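Residue numbers (the numbering used here): 2 to 449. Virtual Cβ for every residue (Gly too), placed ideally from N, Cα, C. Just so you know, these numbers come straight off a predicted model, no measurement behind them. Let me begin by presenting the structure, written as structure tokens, before commenting on it.
Right, here's the structure in full:
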């Protein structure tokens with residue numbers, strides 16, 4: 002099946018080329034910096050000899066763990082994969098690269114979809130709605146983001162002062178704290194092992210308290226693993242892969258240990274609670290347990306639900322006492338939420354308020370204290386996928402609003418464990434669907 006899919010690269014890429022070519026004929030092209038970045042990816046992917054391409058190396062790595070394959074078969078399949086890369090995959094990438102090159106002359110440096118006129122504005126409103134905007138306009142989401150940035154920054158300022166960081170901007174003080182030696186694990190094998198053990202302890206701590214906050218605690222295990230060394234350079238700081246549909250493979254929380262300084266201690270708890278428990282792992286495990294779930298629903302995702310839950314989980318962990326006596330860890334949580342709030346400002350700034358790429362980068366660097374290089378990558382992503390960056394914070398806010406409504410409507414009959422089970426038992430879905438399910442649950446509880 003893998004080799005057959007490699008042989009289909011040409012057809013799949015030709016469909017992509019036809020689509021973006023058709024868009025270009027109507028004057029719909031990405032900003033120049035997005036096209037140039039895509040061309041760089043194409044060139045980098047095709048620069049390696051076919052046998053060293055990740056598509057071949059991945060196959061070789063997987064065959065090594067497949068029982069029953071003899072050495073001759075492994076050599077044959079590897080050679081066939083390399084031939085497909087050379088004769089099918091690389092030519093497909095070359096055609097895509099040529100199409101992208103031809104679009105450069107049509108493009109410019111304007112970053113937002115406003116550049117497409119009234120249709121661009123309508124498209125952006127649709128994108129915001131699909132990513133959890135709930136009918137809010139770009140201007141309204143922009144103002145919401147500014148308000149949240151101000152609120153979170155003020156809270157961070159108070160916590161920083163309480164532990165002796167009183168001078169300078171909040172962003173500057175966070176940078177200073179993150180670089181101090183006692184906030185970093187040694188970049189050694191021993192330091193990496195200590196970091197992994199700390200994460201496993203944080204997971205165990207949540208699981209111990211979970212029955213007080215969830216009626217159903219997933220039986221599916223989550224493992225903390227190091228991202229393979231061969232994948233470190235192209236991987237983020239941490240991410241989660243869900244359990245297999247048949248339950249044979251556990252959920253896995255992957256952490257990048259290329260340089261331990263990239264994951265300072267204060268940032269690790271919130272990352273763990275987001276990616277593993279009670280974040281993505283709880284959400285994915287609940288979904289796997291839904292009876293008769295159509296395969297398509299397990300394949301499709303809704304960022305506003307999944308990422309909204311994971312960001313809500315970071316805050317829930319504070320309620321669970323997971324940041325108790327750990328103000329630095331709580332600052333990591335606040336910094337992560339601040340980053341998601343700043344995304345509301347920047348995404349709408351680019352697409353609704355005609356901000357330039359540089360204006361967007363300047364704002365988010367100043368607001369968050371993150372490096373300019375990393376925030377440049379973020380802003381370019383927001384330009385390429387309008388609205389998606391808003392999903393995290395908008396989803397979190399929606400879940401918090403639904404909880405507040407349930408607490409108000411049900412009073413002493415409100416059960417936080419039952420509420421969380423209701424939210425997670427929906428599976429990934431658009432927020433209006435989640436709203437309907439929670440509203441029905443409230444009505445049923447009141448009528449009981």
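Rounded to the nearest whole angstrom, the C-alpha separation of residue 243 and residue 302 is 12 Å.
Per DSSP, the beta-bridge partners of residue 240 are 255. When secondary structure is reduced to three states using DSSP, residue 227 falls in the strand class. Counting only runs that start and end inside the segment 80-122, the alpha helix (DSSP H) elements of at least 4 residues fall at 91-104. In this structure, residue 386 sits away from residue 376, with a CB-CB distance that is not shorter than 9 Å. Contact annotation: the segment 382-402 does not touch the segment 174-192, with fewer than three C-beta pairs closer than 8 Å.
Scanning its chain for C-beta atoms nearer than 8 Å, with the 5 sequence neighbours on each side dropped, one finds no residue around residue 441. Of 129, 358 and 308, the smallest CA-CA separation from residue 382 is found for 358. If you check the CB distance, residue 211 and residue 309 do not come in under 9 Å.
Residue 423 is a Cβ neighbour of residue 438, given a cutoff of 9 Å.
Residue 317 sits in a helix when the DSSP states are folded into three classes. A residue is called buried when at least 16 other Cβ atoms come within 10 angstroms of its Cβ; residue 331 meets this threshold and is buried. Burial is judged here by how many other beta carbons sit within 10 angstroms of a residue's own beta carbon; residue 266 has at least 16 and is buried. If you ignore the 5 residues before and after residue 36, its C-beta comes within less than 8 Å of the C-beta of 30, 101, 104, 105 and 108, all in its own chain and listed in chain order. Take the alpha-carbon of residue 199 and the one of residue 193: they are about 10 Å apart. Taking a 10 Å sphere around the C-beta of residue 162, we find fewer than 16 other C-beta atoms and assign the residue as exposed. About 4 Å separates the beta carbon of residue 86 from that of residue 51, a gap short enough to meet the 8 Å contact definition. Just measuring C-alpha positions, the residue of 328, 234 and 220 sitting nearest residue 282 is 220. Pairing residue 138 with residue 353 gives a Cβ-Cβ distance under 9 Å.
Separation of residue 164 and residue 231 (C-alpha to C-alpha, rounded to the nearest whole angstrom) is 39 Å.
Secondary structure note for residue 446: its alpha helix (DSSP H) is the uninterrupted segment 432-448. Here residue 432 really is in contact with residue 399; their C-beta atoms are around 5 Å apart, less than 8 Å. Annotation: residue 286 to residue 49 spans about 38 Å, alpha carbon to alpha carbon.
If you compare the alpha carbons of 218, 446, 95 and 134 with that of residue 413, the shortest gap goes to 446. Between residue 133 and residue 305, the gap from beta carbon to beta carbon is short of 9 Å.
For residue 61, the uninterrupted alpha helix (DSSP H) run begins and ends at 55-64, by DSSP. The DSSP assignment places complete alpha helix (DSSP H) segments of no fewer than 4 residues inside the segment 353-431 at 358-369, 373-385, 392-411 and 417-426, in order along the chain.
Residue 318 holds the alpha-carbon nearest to the alpha-carbon of residue 272 among 394, 171, 260 and 318.
Membership of residue 300 in the alpha helix (DSSP H) is indicated by the continuous run 296-300.
Taking a 10 Å sphere around the C-beta of residue 68, we find fewer than 16 other C-beta atoms and assign the residue as exposed. Out of 235, 66, 323 and 373, the CA that lies nearest to the CA of residue 205 is found in 323. Residue 307 and residue 269 have their C-alpha atoms roughly 20 Å apart.
Contact between residue 110 and residue 34 holds: CB atoms are separated by about 7 Å, below the 8 Å threshold. Assigned with DSSP and collapsed to three states, residue 293 falls in coil, not helix or strand. Taking a contact as a CB-CB distance under 8 Å, the pair residue 7 and residue 56 counts as one, their CB atoms being some 7 Å apart. Taking residue 157 as the centre and dropping the five residues before and after it, the same chain places the C-beta of 171, 175, 332, 335, 336 and 339 closer than 8 Å to its C-beta, in chain order.
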